[in-house]
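Student: Mind looking over this structure? Questions follow.
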Amino acid sequence: MLTELDQNTIANMTAALEYVCNKIPVDRDAHELRKRIADAMIACANGGTRTFVDFQNAGLKALDEALSPSGASWLGRLFRFTQVRSKLSL
Numbered sequence: 001m002l003t004e005l006d007q008n009t010i011a012n013m014t015a016a017l018e019y020v021c022n023k024i025p026v027d028r029d030a031h032e033l034r035k036r037i038a039d040a041m042i043a044c045a046n047g048g049t050r051t052f053v054d055f056q057n058a059g060l061k062a063l064d065e066a067l068s069p070s071g072a073s074w075l076g077r078l079f080r081f082t083q084v085r086s087k088l089s090l
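Here this note's numbering is used: the first residue of the sequence shown is 1, the next is one more, and so on.
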């Protein structure tokens, strides 16, 4: 379910979606993958984080997971490290 989004949030989400979709390899580009990325960004917005960087990170993580289902990708490990590090610095 999509919550009410202001124009700034929609603009951030749109720009981040375009950025992440430009990273999709041509041979892997598909509607389902783009939907998966958009769904991750919607979940991010519904969770209350609504900046361009938040949407970009959510989209890149979804893309990385889709391209590397084993979970052994470097981007996935970096994302998890960043999340843990930010929690420790609080």
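In this text, a Cβ means the ideal position worked out from N, Cα and C, and glycines have one as well.
Given 8 Å as the limit, is there contact between the region 33 to 46 and the region 58 to 67, that is, 3 or more CB pairs closer than that?
Tutor: yes
Student: What span of residues does the alpha helix (DSSP H) with Gly59 cover, start to end?
Tutor: If you number the sequence shown from 1, residue 59 lands on position 59. Counted as a single uninterrupted DSSP element, the alpha helix (DSSP H) harbouring Gly59 occupies residues 52 to 67.
Student: So, helix, strand or coil for Leu5, using DSSP?
Tutor: Working through the sequence shown from its first residue, we reach residue 5 at position 5. It is coil, neither helix nor strand.
Student: Hey, quick one: how far does the alpha helix (DSSP H) through Ala45 stretch, first residue to last?
Tutor: Working through the sequence shown from its first residue, we reach residue 45 at position 45. Taken as a continuous stretch (DSSP letters only), the alpha helix (DSSP H) holding Ala45 covers 31 to 46.
Student: Residues in its own chain within less than 7 Å of Thr9 by CB, not counting five upstream and five downstream?
Tutor: Taking the sequence shown and counting its residues from 1, one reaches residue 9 at position 9. Cβ neighbours of Thr9 within its own chain (closer than 7 Å, five residues either side excluded): Ala45, Arg50.
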